[in-house]
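Numbering (this note's numbering), first residue to last: 20 to 268.
Every residue, glycine too, gets a C-beta built ideally from N, C-alpha and C.
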Amino acid sequence: MTGGPPPLVPGLAGRGALVTGASSGIGRAISLRLARDGVRVLATGRNEQALESLAKEADGAGLTLDHFPADLTDADEQTGLLDAVHGSLGAVSVLVHSAGAYRRGQVAQARVTDLDLQFAVNVQAPYALTQRLIPDLVCTSGDVVFVNSTQGLAASAGVGQYAATKHALRAMADSLRAEMSSSGVRVCSIYPGRTATPMQEKIFQAEYRAWRPDCLLRPDDLADIVAHTLALPARAQVTELTVWPTQRS
20 MTGGPPPLVP GLAGRGALVT GASSGIGRAI SLRLARDGVR VLATGRNEQA LESLAKEADG
80 AGLTLDHFPA DLTDADEQTG LLDAVHGSLG AVSVLVHSAG AYRRGQVAQA RVTDLDLQFA
140 VNVQAPYALT QRLIPDLVCT SGDVVFVNST QGLAASAGVG QYAATKHALR AMADSLRAEM
200 SSSGVRVCSI YPGRTATPMQ EKIFQAEYRA WRPDCLLRPD DLADIVAHTL ALPARAQVTE
260 LTVWPTQRS
């Protein structure tokens with residue numbers, strides 16, 4: 020990061036981070052923020068053009084950020100991603116899961132194919148990726164961050180499928196934390212309320228609600244939280260953190 024801006028949070032420089040869902044929204048903000056703090060970041064997502072835009076923005080700010088497009092529900096593409104990660108970063112010490120799929124629908128009418136899609140993206144993909152990176156995380160005493168949702172704590176009407184996958188993601192994180200407790204690996208679940216992302220704007224449209232991003236969390240808010248959580252001394256870990264907009268409608 021020679022010639023770039025000074026880090027906002029000390030103590031993170033040199034770590035290697037893989038951030039999923041980095042094409043937009045929270046994952047994109049986390050990628051830029053960690054790069055700003057001197058973390059060697061490889062950002063991944065399905066939208067190659069968006070990833071190239073992210074890398075260009077990072078370069079313009081004097082930051083170093085690699086990117087690799089991949090559909091994490093495809094085992095072969097996941098293997099290709101891991102090859103790229105190890106070639107770029109060596110061992111991964113930070114794994115941030117921010118990819119997600121969302122479909123609305125009441126339990127009585129929602130299509131099972133929509134449930135399959137959300138389960139594949141929101142549960143199976145992070146499970147498989149985490150499993151394959153556990154050796155890296157153990158040898159680096161690393162961190163796993165699951166960007167969940169407040170729907171993973173309490174489900175609302177019309178999002179039963181999505182909420183079910185987010186409850187499953189919470190259970191996965193809790194089990195992983197218990198299993199890794201003696202290895203030095205920290206596991207954090209973050210539950211953001213409504214955040215001003217492209218996905219959230221589509222949700223507002225589906226709900227016939229006026230889009231008021233000024234009343235929502237910003238992706239940078241979550242990126243700040245992730246950076247400060249990672250910077251805690253090894254003796255401390257944040258296990259769960261719920262973040263709501265101050266103005267809740």
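Whole-angstrom distance between residue j and residue i, CA atom to CA atom
i: residue 57; j: residue 106; result: 18 Å
i: residue 96; j: residue 161; result: 24 Å
i: residue 241; j: residue 49; result: 7 Å
i: residue 266; j: residue 59; result: 35 Å
i: residue 201; j: residue 172; result: 26 Å
i: residue 43; j: residue 71; result: 11 Å
i: residue 190; j: residue 68; result: 33 Å
i: residue 20; j: residue 27; result: In this prediction, residue 20 scores a pLDDT of 44, lower than 50, which makes its location untrustworthy; the coordinate-derived value is nonetheless stated afterwards. Distance between the alpha carbons of residue 20 and residue 27 is about 13 Å.
i: residue 196; j: residue 179; result: 26 Å
i: residue 167; j: residue 210; result: 5 Å
i: residue 184; j: residue 175; result: 13 Å
i: residue 253; j: residue 127; result: 47 Å
i: residue 52; j: residue 235; result: 19 Å
i: residue 94; j: residue 54; result: 27 Å
i: residue 45; j: residue 216; result: 7 Å
i: residue 132; j: residue 89; result: 21 Å
i: residue 134; j: residue 177; result: 13 Å
i: residue 65; j: residue 29; result: 31 Å
i: residue 47; j: residue 40; result: 7 Å
i: residue 74; j: residue 84; result: 6 Å
i: residue 170; j: residue 125; result: 14 Å
Rounded distance between the beta-carbons of residue j and residue i, thought under 8 Å
i: residue 163; j: residue 204; result: 7 Å
i: residue 238; j: residue 261; result: The Cβ separation is near 17 Å, so there is no contact.
i: residue 77; j: residue 118; result: Actually they do not touch by this definition, with Cβ atoms about 19 Å apart.
i: residue 110; j: residue 137; result: Rounded, the Cβ-Cβ distance is 31 Å, inconsistent with contact.
i: residue 38; j: residue 115; result: 4 Å
i: residue 87; j: residue 61; result: 6 Å
i: residue 257; j: residue 251; result: 7 Å
Beta-carbon proximity list for residue i, same chain, < 8 Å, skipping 5 on both sides
i: residue 220; result: 230 and 232
i: residue 158; result: 110
Secondary structure of residue i, DSSP reduced to three states
i: residue 36; result: strand
i: residue 226; result: coil
i: residue 210; result: strand
i: residue 63; result: strand
i: residue 237; result: coil
i: residue 261; result: strand
i: residue 142; result: helix
i: residue 30; result: coil
i: residue 130; result: coil
i: residue 231; result: coil
Spatial neighbours of residue i in its chain, beta-carbon cut-off 6 Å, leaving aside the 5 residues before and after
i: residue 271; result: Residue 271 is absent from the structure shown; the chain starts at 20 and stops at 268.
i: residue 23; result: 81 and 82
i: residue 259; result: 208
i: residue 34; result: 58, 112 and 113
i: residue 248; result: 207 and 257
i: residue 36; result: 53, 58, 60 and 113
i: residue 187; result: 142
Neighbourhood of residue i by C-beta distance below 7 Å, restricted to the same chain and skipping five residues each side
i: residue 225; result: 123
i: residue 223; result: 230
Enumerated in chain order, which unbroken segments of the alpha helix (DSSP H) with a length of 4 residues or greater are wholly contained in the region 49 to 121?
-> 67 to 79 and 94 to 108
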